[in-house]
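Numbering (our numbering), first residue to last: 3 to 183.
Contents: one structure, followed by commentary.
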């Protein structure tokens, strides 16, 4: 009887663990920088590069490279989504309106930008909790170290990999992932 109970407990725990790890990008919703709801399930079939961005960071010039990457591959089922975050030394202090104006005027950003969120800590956004935690995404543990960390999501909404903040958007790792069939 005890061994049957142990086996049943193990099966139930495994099922619960697998159910938790079965979440995909498509299970999340966000808010655009203009305050509109954005259902991430609308990205089904696309590779998605999710980047936490900031306007006053040494990596901020990556906006130009991200825009160039977006323009080069957007017709190949690829999209970049920027999530402004003020988690690192106050480097994104602006309002959503100020961030949008900065990105549009200074870098001519056309890829989708979302409303400012938290990418770490007690108030971490649920999407970033999923992106950064192996317990949530089932693939990797990748806490956000700084602004411009990049998460690669496949066409089925699963986390594939990430690139460090210092890795530029045209890094071989990112390009080979985008171009991989």
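In this text, a Cβ means the ideal position worked out from N, Cα and C, and glycines have one as well.
Classification of residue i by the beta-carbon crowding that lies within 10 angstroms, buried from 16 upward
i           : result
residue 158 : exposed
residue 127 : buried
residue 116 : buried
residue 57  : buried
residue 167 : buried
residue 181 : exposed
Terminal residues of the beta strand (DSSP E) in which residue i lies
i           : result
residue 83  : 80-86
residue 152 : 152-155
residue 163 : 161-165
Span of the alpha helix (DSSP H) around residue i
i           : result
residue 142 : Careful: residue 142 lies outside any alpha helix (DSSP H) and carries neither H nor E.
residue 33  : Unbroken run through residue 33 is the beta strand (DSSP E), 31-33; no alpha helix (DSSP H).
residue 131 : 128-134
Residue i versus residue j - alpha carbon distance
i           : j           : result
residue 35  : residue 99  : 7 Å
residue 186 : residue 163 : Limits of the chain in this structure are 3 at one end and 183 at the other, which puts residue 186 out of reach.
residue 90  : residue 149 : 7 Å
residue 171 : residue 122 : 22 Å
residue 131 : residue 107 : 31 Å
residue 184 : residue 147 : This structure gives no information on residue 184, because the portion of the chain shown stretches from 3 to 183.
residue 142 : residue 125 : 21 Å
residue 160 : residue 25  : 8 Å
residue 179 : residue 53  : 15 Å
residue 154 : residue 104 : 25 Å
residue 38  : residue 83  : 15 Å
residue 175 : residue 41  : 28 Å
Review point. Does the segment 63-73 come close enough to the segment 102-117 that 3 or more CB-CB pairs lie under 8 Å?
Key: With a cut-off of 8 Å, the segment 63-73 and the segment 102-117 count as touching, because enough Cβ pairs lie within range.
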